[in-house]
Structures are given as C-alpha cells and as structure tokens.
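In terms of the numbering used here, the sequence shown opens at residue 85 and continues consecutively.
Notes follow once the structure below has been shown.
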Amino acid sequence: MKTTPDGRPVPPAHADERATLEAWLDFHRATLALKCSGLTDHQLRLAAVPPSPMTLLGLVQHMAEVERNWFQRVFAGRDLPPVWGESNPDGFALLPERGLGEAMTAWQAEVARGRGLIAHASPDDCARLPDQQAARVGSQEVPLRWILAHMIEEYARHNGHADLIRERIDGTTGA
C-alpha cells in the first residue's frame, strides 16, 4: 500500500466500491491522528478557534463515540452506553485526568470493533436507524454503503476543524 510522505495510507485509484470506501475512511482516521501528533497535553486541550470550545482531544473523544454509534449501535444493533459516560454523550467534554493516550486507545478500540462488525457484511446490508435519525434521513434503514459514506463525511468535516485548530496552535498546515 502506498502512503503519503507523512505516513497516511493512500486510497487506491482503482478498487471496488467497498475497498474504496474503507480506504478513504482509513485515510481520514489517519489524518485525525496526524493532526494530534507531536502536541503537548495543554495544546491538545486548547480551544483555538473562538468562540468554539472544540479541541483536538475532544475531537478524538467525539470520533470514538461516532465510531461506536454507527458501527455498534446502528449497524450491529447493540445497546451500548456512550464511550465517555452518560454525562458526555457526544464525547467533546474533557476531563483533567484523561489525556490523549487514553482517548486514542479508546478511539482505536472503537475503530477495531467497527471493522470487525462489518468485515463480512455487504455494502447492501441494512441497519435500522433510531426514530430521531430516521426522521432526519428520511428512511428507517440505511445500507452499510451509506454508513461508510457518512463516516467519511464525518471525519472529513472534523478534520477540517482539526486543520484550523492545529494551525492556530502551532502554525502546522496541510495534512
């Protein structure tokens, strides 16, 4: 597999639908990790784009929750609590004692669980959405293909946030 100079996996130019979707999702996962690399705990906690309270550490925690939601709750139909507890359902809230190491470990564990749950699924296999999400989407069910595309969108949007936060923290731009 080819990689970018910074080590992220380059999605193949010619692959089937499933491989393409999973490769782009992995690329965006690697991008979020890269945005957090080389920073101090203090820097990872900086809300560097006022008035937003969003931080790089909060983004990692949030994406652990997003991974759990779409792959375990929605796709696999599991009833699981929020990764970071009922008082932090979206994952953005920070605790002084939880640093990047713990957040990354939890996020990577959620990624691994998700990969395992979809490993033998078809892009056409459907998942049932909770009523509130179904109302927004316009359908009670969505195929795995839709979930993978949505996850790429979710990471791409938050990686844009991460770009701005990282640039504000130390001037690092680009991937």
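For every residue, glycine included, the Cβ atom is placed at its ideal position computed from N, Cα and C.
Being a predicted model, the structure only gives us computed values, none of them experimental.
- Within the DSSP secondary-structure output, Pro-227 pairs in a beta bridge with Cys-210.
- Linking Gly-161 to Asp-254 through their CA atoms gives a straight-line distance of about 41 Å.
- In the structure shown, the three-state DSSP call for Thr-115 is helix.
- In this chain, Arg-152 is not harboured by any alpha helix (DSSP H), its DSSP state being neither H nor E.
- Counting only residues of its own chain and dropping the five nearest sequence neighbours on each side, Val-167 has a CB closer than 7 Å to the CB of Ala-148, Glu-149, Arg-152, Gly-175, Ala-190 and Glu-194.
- Beta-bridge pairing by DSSP links Thr-87 to Pro-93.
- The Cβ-Cβ distance between Ile-236 and Trp-108 falls below 9 Å.
- Burial check for Arg-113: the Cβ neighbour count within 10 Å reaches 16 or more, so the residue is buried.
- Phe-176 sits in coil when the DSSP states are folded into three classes, being neither helix nor strand.
- Across the set Pro-134, Pro-135 and Cys-120, the C-alpha of Cys-120 shows the shortest separation from the C-alpha of Leu-128.
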